[in-house]
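See structure below.
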Amino acid sequence: MATKPKRAVKERRTKRKPCSFCVDKAIDINYKDVGRLKKYVSERGKILPRRISGNCAKHQRMLTVAVKRARIIAFLPFVNE
3 MATKPKRAVK
13 ERRTKRKPCS
23 FCVDKAIDIN
33 YKDVGRLKKY
43 VSERGKILPR
53 RISGNCAKHQ
63 RMLTVAVKRA
73 RIIAFLPFVN
83 E
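So the working numbering is basically just the index in the sequence shown, starting at one, shifted up by 2.
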């Protein structure tokens with residue numbers, strides 16, 4: 003019994019977005035900069051992951067800490083309703 007040859011699956015890699023903080027040469031991400039932090043929070047109030055936001059690992063960690071601090075001080079909501 004002969005089996006059909008399987009087709010080769012092409013992996014399609016998209017080019018990663020450059021980290022916006024690296025492009026701006028940002029040294030620190032401030033929790034008081036609410037306008038900038040809002041771009042990285044979904045409409046449900048969740049922090050966007052790296053693969054969607056395009057941040058590097060270092061700046062994603064800094065962003066996460068800044069968003070959490072802004073939430074505690076009530077600059078950003080925990081949940082949008």
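Just so you know, even glycine gets a beta-carbon here, dropped at the ideal spot from N, CA and C.
Quick check: residue i and residue j, are their CB atoms within less than 8 Å of each other?
{"i": "residue 84", "j": "residue 33", "result": "Any answer about residue 84 is impossible in this case: the structure gives the chain only from 3 up to 83."}
{"i": "residue 31", "j": "residue 4", "result": "no"}
Taking the C-alpha atoms as reference points, what is the distance between residue i and residue j?
{"i": "residue 79", "j": "residue 40", "result": "10 Å"}
{"i": "residue 36", "j": "residue 12", "result": "41 Å"}
{"i": "residue 8", "j": "residue 50", "result": "37 Å"}
{"i": "residue 83", "j": "residue 75", "result": "19 Å"}
{"i": "residue 77", "j": "residue 10", "result": "51 Å"}
Can you tell me which of the options puts its alpha carbon nearest to the alpha carbon of residue i?
{"i": "residue 61", "options": "73, 74, 75, 25", "result": "25"}
{"i": "residue 38", "options": "52, 29, 65, 51", "result": "65"}
{"i": "residue 22", "options": "54, 7, 81, 10", "result": "54"}
{"i": "residue 28", "options": "52, 76, 73, 57", "result": "57"}
From the DSSP output, read off the bridge partner residues of residue i.
{"i": "residue 43", "result": "49"}
- [ ] Report yes or no: do three or more beta-carbon pairs, one from the stretch 7–21 and one from the stretch 38–48, lie closer than 8 Å?
- [x] At 8 Å Cβ cutoff, the stretches do not touch.
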